[in-house]
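Colleague: Using full-length UniProt numbering, read the sequence shown as starting at 1 and increasing by one per residue.
Ideal Cβ positions, reconstructed from N, Cα and C, are used throughout, including at glycine.
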Amino acid sequence: MTTHDLSAADVAARLEPVARRALGEYDIDPGAELTLLNVSENATYAVDDPATGERTVLRVHRHGYHDGREIESELAWLDALRDDTGVRTPRVLPTRDGRRVLAMPEEGESDPRHVVHFEFLPGAEPDESGASLPASFELLGGITARMHEHALTWRRPPGFTRFAWDYDGAFGQVARWGRWQDGMAIGPEELEVLGRLDATLRSRLERFGSAPQRFGLVHADLRLANLLEDGDEVYVIDFDDSGFSWFLYDFGTAVSFFEDDPRVPELTDAWVRGYRAVRELPAEDEAEIPTFVLMRRLLLVAWIGSHSGTDLARSMGVDYTAASCALAESYLSRFA
């Protein structure tokens, strides 16, 4: 597990020169305006070209999360989903000489910084506070099922590689987002409760198994924040975490950061309804959904600890750990 390198306050100052040099590889006016949209796993910039009036998006990758081949694999799945299923994903905009992934030097760093250029997609994420939330989750369930069906049948190109969100990748030797034990405000009581949760997750996931109908290529962050609605058009964005995991992990990600919200049972029903309209979901699998909600929750405890410099981690922090322990006790009372 590498340390998160985009948490520091100077990230914009460090990365804007990288982004600016990358623009020189595309047919973009050198005076284009760069606006930092988001910093999480990566830094994402809006690029406004004064020569054309067009807006595009530049993604500057963190160090140590994906290598170039893994990023190329992500982009191949984006293309295939759009071409094969009609799930609308961002188009990649290549350089003048046809490259889709750039390796740009960064001052003071021995490793290059990977950069990808995307089309800008219009629209806004669905409202998470309104009465339309169940309908949005039903829509999300249907889109997720279409993606899972595609993952089962798609012939991946030679050299395709993405990491796995299995137990080891989440909590074991790999611990891709860090150790939950290093999360915020983890004391002896929290260690005891979350340790029991960890052990129960491990045994239940092992029992659930990784048969092809249950385990495959997933988005791994398929929540409403990564949908854009523009009239009748719906776009799916941010495949940076995509990899191999249980298909139901995608539901666990759908309720990220509000797993204890009293609406979650209703939203689960809506998501399952949308999913089953496209793909079979056996009752036995549906019954295991809480395991994947708690798997994601424990992963986010780890994420907050290893991304403590980000605004999101600071806003969740200690309270999120305390609520996670309460959720864990509730889950263990039913599933341990």
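How would you write the range of the alpha helix (DSSP H) that A13 sits in, first residue to last?
Modeller: V11 to L23
Colleague: Taking C-alpha atoms, which residue in L299, H148 and V11 lies nearest to A328?
Modeller: L299
Colleague: In this structure, how does DSSP classify S245 when only helix, strand and coil are distinguished?
Modeller: strand
Colleague: Can you tell me whether A326 is buried or exposed? The criterion is at least 16 other CB atoms within 10 Å of its CB, across all chains shown.
Modeller: Classification of A326: exposed, given that the 10 Å Cβ count is below 16.
Colleague: Find out if the Cβ-Cβ distance for the pair I180, A302 is shorter than 7 Å.
Modeller: It is Trp, not Ile, that sits at residue 180 in the sequence shown. It is a contact, given that the beta carbons lie within the stated cut-off.
Colleague: Please classify L294: is it buried, with 16 or more other beta-carbons within 10 angstroms of its beta-carbon, or exposed?
Modeller: buried
Colleague: What whole-angstrom Cβ distance do A32 and P50 have, given they're in contact under 8 Å?
Modeller: 7 Å
Colleague: From D29 to T44, what distance separates their C-alpha atoms?
Modeller: 19 Å
Colleague: Could you tell me which residues DSSP pairs with M104 in its beta bridges?
Modeller: R113
Colleague: Quick check on this structure: which residue in R62, Y249 and R100 has the alpha carbon closest to the alpha carbon of H117?
Modeller: R100
Colleague: Could you give the C-beta distance for G142 and G274, rounded to a whole number, given that I count them as a contact under 8 Å?
Modeller: Yes, G142 and G274 are in contact; Cβ-Cβ is about 4 Å, under 8 Å.
Colleague: How about D138 and A270: do their beta carbons lie closer than 7 Å?
Modeller: As written in the sequence, residue 138 is Glu, which differs from the Asp given in the question. Yes, the pair counts as a contact, with Cβ atoms nearer than the cut-off.
Colleague: Excluding the 5 residues flanking L81 on each side, which residues of the same chain have their C-beta closer than 8 Å to its C-beta?
Modeller: The residues are V87, T89, M147, H150 and V236.
Colleague: Pull up the CB-CB distance for P105 and L227, whole angstroms please, since I reckon it's below 8 Å.
Modeller: Rounded, the Cβ-Cβ distance is 35 Å, inconsistent with contact.
Colleague: Report yes or no: is there a C-beta of chain C within less than 7 Å of the C-beta of A199?
Modeller: Among the chains of the structure shown, chain C does not appear; only one protein chain is present.
Colleague: Who are the Cβ neighbours of T3 in its own chain at under 7 Å, not counting the five residues just before and after it?
Modeller: Bear in mind that a pLDDT of 43 at T3, under 50, signals an unreliable position, so the number given afterwards is only what the model happens to contain. Closer than 7 Å at the Cβ level, and outside the excluded window around T3, lies no residue.
Colleague: Where does E119 fall in DSSP's three states?
Modeller: strand
Colleague: Could you spell out where the alpha helix (DSSP H) holding F335 opens and where it closes?
Modeller: D311 to F335
Colleague: What residue from G187, D319 and D67 has the CA that sits closest to D260's CA?
Modeller: Closest by alpha carbon: D319.
Colleague: Quick one: using the 10 Å Cβ neighbour count with 16 as the cut-off for buried, is A254 buried or exposed?
Modeller: Here A254 is buried, its C-beta having at least 16 other C-beta atoms within 10 Å.
Colleague: If I'm right that residue 361 touches S333 with Cβ under 8 Å, what's the distance once you round it to whole angstroms?
Modeller: This structure cannot speak to residue 361, because the chain is shown only from 1 to 336.
Colleague: Give me the Cα-Cα distance between A12 and H61, rounded to the nearest whole angstrom.
Modeller: 13 Å
Colleague: Could you pull the start and end residues of the beta strand (DSSP E) that E41 belongs to?
Modeller: That residue, E41, is in no beta strand (DSSP E); it is neither H nor E in DSSP.
Colleague: If you compare alpha carbons, which of V234, L312 and L217 is closest to F257?
Modeller: L312
Colleague: My guess is that S315 and W177 are in contact by the Cβ rule of under 8 Å, so how many angstroms apart are they, rounded?
Modeller: Taking the Cβ atoms as the reference, S315 lies roughly 17 Å from W177, outside the contact range of under 8 Å.
Colleague: Give me the residue from H219, P262, H66 and D221 with the minimum Cα distance to H114.
Modeller: H66
Colleague: Kindly indicate which residue of T56, I71 and V57 has the alpha-carbon position closest to the one of H63.
Modeller: I71
Colleague: Specify, as a first and last residue, the run of the beta strand (DSSP E) that E233 falls within.
Modeller: Looking at the DSSP string, the run of the beta strand (DSSP E) that includes E233 is E233 to V236.
Colleague: On the DSSP bridge assignment, give the partners of V92 in chain order.
Modeller: DSSP, once it has assigned bridges, lists F118 as partnering V92.
Colleague: Hey, could you find the ends of the beta strand (DSSP E) R55 is sitting in?
Modeller: R55 to V60
Colleague: As an exercise, report each continuous alpha helix (DSSP H) stretch of at least 4 residues that is fully enclosed by the stretch 125–175, in chain order.
Modeller: Taking only runs of at least 4 residues, the alpha helix (DSSP H) segments lying wholly in the stretch 125–175 are 133–153 and 167–171.
Colleague: Rounded to a whole number of angstroms, what is the C-alpha to C-alpha distance between W165 and W246?
Modeller: 8 Å
Colleague: Under three-state DSSP, which class holds G183?
Modeller: G183 sits in coil when the DSSP states are folded into three classes, being neither helix nor strand.
Colleague: What's the call for P262, buried or exposed, on a 16-neighbour Cβ count within 10 Å?
Modeller: exposed
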